[in-house]
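J.: Read left to right, the sequence shown gives residues 981 to 1467 (the numbering used here).
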Amino acid sequence: MLPGVVVPPSGLPQVQRGTLCAVTLLGNRAPVAVGVATMSTEEMLAAGMKGKGFAVLHTYLDHLWEYGDKSSPPTLAPLVTDSAAEESAGDEKELQEKEPGSSCSPEPQQHLDIRNLSLKDRDTCAELLGKEELHENRAAEPAEDASTEHQHEAEDSRTPQEQMDALFNQCFFHALKCKVKKSDLPLLTSTFLGSHMVSCCPAGKQLDIKKSSYKKFSKFLQCMQQQRILQVKELSKGVESIVDVDWRHPDIKAFAVPEGFSSASAAQDSKSEDREQVYHAPEIIPLYGVSTKMVPLFQESGHRKGSVLSSSEVRNIIINYVKNNELVDETNKNFVKVNAILCDCLLDKSEQDEISHLKWDELLSRCLERLQPLHQVTFPGQEPVVRKGNIEPIDISIAQRSSNKKVTIIKNLELYGLDPQCVANTLQQKVQASATISPAPGAKDRVQVQIQGNQIHHLAKMLLDEYQLPRKYIQGLEKAPKLGHKK
């Protein structure tokens, strides 16, 4: 911005619109930004040195700088020292245009420093310090004390409105990095300002949106939403809430907690994030126990009542039993002759006089049906657990409440290592609906999740895609509403 440009005693150099310029701090020749002139020297003077004179393309501490070695600018003494100009300019910025052949030839050491800057276009280079802040939300320690002093002076030269804008930016990123957690969302914008941002305000300062350029906090948040830092929605009429925050956004990651504030909360949040374990679906294997009635069929292979077997082990035992007792039908090897033991173990009383042969598949299926069902659940990093019966599927149902409102009820999450409270919180954030936890009727030590509306589509996506649970262990997905047929 032209009001902050320091005009040298010799006057402004001739700059044309589109001229590539370098931004420097007063007293240091090392550029901190690169920009293009948006008007010529004559136009700047005609405008009374007001308005925007340069469009900044690249600055110290921006995203492009982060891809490099992240070094601080060197401290290079000015080629011409003008103490009178420095005293009159104070902490403002300086614009100097170097034209080919018009500038003095620098000393060898100074010429080497200029080459180290890796600026290819040095034919025309203007020095200025604009009123726009250079990423003030990113606190960085300059390499030299002189650079630090000039930065503080530059901050003092800003208008009260610009200082309030910078304060809002600082408190905004500070609150997102250290105060707000994912579990807090959705978060009322009024709560975010009053409870989180105000607590991040430095001592002796006070946030006042009316003194900023935004005038309204909603406009400030809208600006941050355009930068894709967060997402704001009007969940109820006239009441806005923050529903999503991109904590991986470069501006949040690059923000450093100012001195005087404890970074313990930020460290604690990062540790708790590291401790969050990604859910892995358990390995579920159906098993079979030898019942009293089936003991005669399995005792030949050394098993007794209560022995636990997998389906493949049962299959091998049956095949070996049939072969050892020569029960394969000689005329058709697809059939097995039913002897007395097979008759007692696998046939009902009404079938014993009628069936003399069984197909291999039917023989095996009858055998599995008459064994005691068991299942083994193995969670990552834990010992396998064997339980009686078949594992109950996650049960999803739709119930109707007062005023014809529907709710989605989810049961049996605990059997699959899912925390019902975490599932409820995740669903609440995804669908922006109220979710509650209540004891599951008829089930001891279990709870059920209840969420407003028919949310089976969201549940299916979460359970099948995110949690990678097999569809066969989820019951009720067919009750999802048909898209495009809303009443």
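C-beta: ideal position from N, C-alpha, C; glycine also.
#1: If contact is defined by three or more beta carbon pairs under 8 Å, each pair taking one atom from either stretch, is the stretch 995 to 1012 in contact with the stretch 1043 to 1050?
#2: Could you give the DSSP three-state label for Gly991: helix, strand or coil?
#3: Using alpha carbons as the reference points, say which of Leu1351, Phe1235, Ile1389 and Asp1425 lies closest to Ala1415.
#4: Is the beta carbon of Gly1028 closer than 9 Å to that of Met981?
#5: Go through its chain and collect everything with a Cβ distance to Thr1272's Cβ below 6 Å, but skip five positions before and after it.
#6: Quick test of the definition: if touching needs 3 or more C-beta pairs under 8 Å, does the stretch 1225 to 1239 touch the stretch 1147 to 1158?
#7: Given Val1288, which residues of its chain have a CB within under 7 Å of its CB, disregarding the five upstream and five downstream residues?
#8: Can you tell me whether Tyr1040 is helix, strand or coil according to DSSP?
#9: Whose C-beta lies closer than 6 Å to the C-beta of Glu1214 among residues of the same chain, with five residues either side of it excluded?
#10: Compute the beta-carbon to beta-carbon distance between Ile979 and Leu1393, rounded to the nearest angstrom, for a pair I have assumed lies under 8 Å.
#11: List the residues that DSSP assigns as beta-bridge partners of Arg1367.
#12: From Lys1191 to Gln1412, what does the alpha carbon distance come to, in whole angstroms?
#13: I think Lys1386 touches Asn1434, with their Cβ atoms under 8 Å apart; what is that distance to the nearest whole Å?
#14: Compare the C-alpha of Ile1376 against each of Tyr1453, Asn1305, Pro1419 and Ser1345 and name the closest.
#15: For Gly1282, does the count of other Cβ atoms within 10 angstroms reach 16, so buried, or fall short, so exposed?
#16: Taking Glu1023 as part of the alpha helix (DSSP H), name the residues at either end of that continuous run.
#17: If you draw a straight line from the alpha carbon of Gln1401 to that of Asn1305, how long is it in whole angstroms?
#18: Quick one: complete alpha helix (DSSP H) runs, 4+ long, within the stretch 1131 to 1219?
#19: So, is Glu1458 buried or exposed, given that buried needs 16 or more other C-beta atoms within 10 angstroms?
#20: Just reading off the beta strand (DSSP E) that Lys1050 is part of, what are its end residues?
#21: Taking the beta strand (DSSP E) that Thr1388 belongs to, which residues open and close that run?
#22: Output yes or no for whether 9 Å exceeds the beta carbon distance between Val1427 and Leu1407.
#23: Less than 8 Å between the CB atoms is what I'm expecting for Val1237 and Cys1158, so what's the real figure, rounded?
#24: Find out if the Cβ-Cβ distance for the pair Pro1419, Pro1262 is shorter than 9 Å.
#25: Ignore the nearest five residues each way along the sequence and tell me which others in Cys1347's own chain have a CB closer than 8 Å to its CB.
#26: Give the straight-line distance between the Cα atoms of Gln1211 and Arg997, rounded to the nearest whole angstrom.
#27: Just how far apart, CA to CA, sit Lys1441 and Asn1296?
#28: Exposed or buried, what is Glu1142 when buried is set at 16 or more other beta-carbons lying within 10 Å of its beta-carbon?
#29: With C-beta atoms as the reference, is Leu1337 less than 9 Å away from Val1318?
#30: Hey, quick one: how far does the beta strand (DSSP E) through Ile1436 stretch, first residue to last?
T.: Quick look at the numbers:
#1: No, the stretch 1043 to 1050 does not touch the stretch 995 to 1012.
#2: Within the sequence shown, the letter at position 11 stands for residue 991. Residue state, collapsed to three classes: coil.
#3: Along the sequence shown, read from residue 1 onward, the residue named residue 1415 stands at position 435. Minimum Cα distance to Ala1415 is reached at Ile1389.
#4: In the sequence shown, residue 981 corresponds to position 1, counting from 1. In the sequence shown, residue 1028 corresponds to position 48, counting from 1. No.
#5: Start at 1 with the first residue of the sequence shown, and residue 1272 comes out as number 292. The residues Lys1285, in chain order, have a CB closer than 6 Å to that of Thr1272 in the same chain once the five nearest residues on each side in sequence are set aside.
#6: Cβ pair count under 8 Å is three or more, so yes.
#7: Position 308 of the sequence shown, counting from 1, holds the residue named residue 1288. Here the set comprises Leu1267, Gly1269, Leu1354 and Val1366.
#8: Taking the first residue of the sequence shown as position 1, residue 1040 is located at position 60. In the structure shown, Tyr1040 adopts coil according to DSSP, grouped into three states.
#9: Here the question's residue 1214 lines up with position 234 in the sequence shown. Around Glu1214: Glu1220.
#10: Given that the chain is displayed from residue 981 to residue 1467, the structure contains no residue 979 and the question cannot be resolved.
#11: Here residue 1367 corresponds to residue number 387 of the sequence shown, with the count starting at 1. Looking at the DSSP output, Arg1367 bridges to His1355.
#12: To locate residue 1191, count along the sequence shown from 1; it is residue 211. To locate residue 1412, count along the sequence shown from 1; it is residue 432. Looking at the two C-alpha atoms, the distance is approximately 34 Å.
#13: As a working mapping, residue 1386 is identified with position 406 in the sequence shown. As a working mapping, residue 1434 is identified with position 454 in the sequence shown. Separation of the CB atoms of Lys1386 and Asn1434 is rounded to 5 Å, and the pair is thereby assigned contact status at 8 Å.
#14: On the sequence shown, position 396 is the one that residue 1376 refers to. The residue with the shortest Cα to Cα distance from Ile1376 is Tyr1453.
#15: Translated into positions along the sequence shown, residue 1282 becomes position 302. Classification of Gly1282: exposed, given that the 10 Å Cβ count is below 16.
#16: Stepping through the sequence shown from its first residue, residue 1023 is reached at position 43. Glu1023: member of the alpha helix (DSSP H) spanning Thr1021 to Ala1026, first to last residue.
#17: On the sequence shown, position 421 is the one that residue 1401 refers to. On the sequence shown, position 325 is the one that residue 1305 refers to. Gln1401 and Asn1305 have their C-alpha atoms some 56 Å from each other.
#18: The alpha helix (DSSP H) runs of length 4 or more contained entirely in the stretch 1131 to 1219 are, from start to end of the chain, 1140 to 1158 and 1197 to 1206.
#19: Within the sequence shown, numbered from 1, the residue matching residue 1458 stands at position 478. Burial check for Glu1458: the Cβ neighbour count within 10 Å stays below 16, so the residue is exposed.
#20: For the purposes of this step, residue 1050 is identified with residue 70 of the sequence shown, where counting begins at 1. Note, Lys1050: premise wrong, no beta strand (DSSP E); not H, not E.
#21: Mapped onto the sequence shown, residue 1388 falls at position 408. Its beta strand (DSSP E) spans residues Lys1386 to Lys1391.
#22: As a working mapping, residue 1427 is identified with position 447 in the sequence shown. As a working mapping, residue 1407 is identified with position 427 in the sequence shown. No. Outside cutoff.
#23: Against the sequence shown, residue 1237 aligns to sequence position 257. Against the sequence shown, residue 1158 aligns to sequence position 178. With 8 Å as the limit, Val1237 and Cys1158 qualify as a contact, their Cβ atoms being about 7 Å apart.
#24: Reading the sequence shown from its first residue, position 439 is the one you call residue 1419. Reading the sequence shown from its first residue, position 282 is the one you call residue 1262. Going by beta carbons, Pro1419 and Pro1262 fall outside the 9 Å limit.
#25: Residue numbering aside, residue 1347 sits at position 367 when the sequence shown is read from its first letter. Cβ within range, chain order: Met1274, Leu1277, Val1294, Ile1298, Cys1325 and Leu1326.
#26: In the sequence shown, residue 1211 corresponds to position 231, counting from 1. In the sequence shown, residue 997 corresponds to position 17, counting from 1. Here the alpha carbons of Arg997 and Gln1211 stand approximately 38 Å from one another.
#27: For this step, residue 1441 is matched to residue 461 along the sequence shown. For this step, residue 1296 is matched to residue 316 along the sequence shown. When rounded, the distance between both Cα atoms is 39 Å.
#28: As a working mapping, residue 1142 is identified with position 162 in the sequence shown. Only buried fits Glu1142, as 16 or more other CB atoms lie within 10 angstroms of its CB.
#29: In the sequence shown, the residue the question calls residue 1337 occupies position 357. In the sequence shown, the residue the question calls residue 1318 occupies position 338. Before going on, a small fix: residue 1337 reads as His here, not Leu. Yes, they are a contact pair.
#30: Along the sequence shown, one-based indexing puts residue 1436 at 456. From DSSP, Ile1436 is part of no beta strand (DSSP E) but of the alpha helix (DSSP H) over Ile1436 to Ala1440.
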